[in-house]
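Quick note: the sequence shown uses the UniProt record's numbering, first residue 1, plus one each step.
Every residue, glycine too, gets a C-beta built ideally from N, C-alpha and C.
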Amino acid sequence: MAIKVNLAVVLAQQNVKSKDLAEYIGITEANLSLLKQGKVKGIRFDTLEAICRYLQCQPGDILVFEPDEGAS
Numbered sequence: 001m002a003i004k005v006n007l008a009v010v011l012a013q014q015n016v017k018s019k020d021l022a023e024y025i026g027i028t029e030a031n032l033s034l035l036k037q038g039k040v041k042g043i044r045f046d047t048l049e050a051i052c053r054y055l056q057c058q059p060g061d062i063l064v065f066e067p068d069e070g071a072s
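1. Give the C-beta separation of N6 and I62 to the nearest angstrom, bearing in mind that I take them to be a contact with Cβ-Cβ under 8 Å.
2. Give the DSSP-derived three-state secondary structure of V9 in the structure shown.
3. Could you work out which residue in Q58, K39 and L34 is closest to F45 when comparing CA atoms only?
4. Quick check on DSSP: helix, strand or coil for K39?
5. Taking buried to mean at least 16 other C-beta atoms within 10 Å of its own C-beta, is I3 buried or exposed?
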């Protein structure tokens, strides 16, 4: 996967509970868990904005591009 989701790392660094973030952004804890694990195919900009607002971070703190090995 070329896009890596670092949300779990950011939550741990800031000592934020998934339950609190999920409630703030208006999604279920189950869906937030899938996002944290990188098991989603996309994320809505308004969801990303709400996450960044709550965590006071930039999208690049949560999403990182890592090219697949052998990809050109």
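On the basis of the supplied data:
1. 6 Å
2. helix
3. Q58
4. coil
5. exposed
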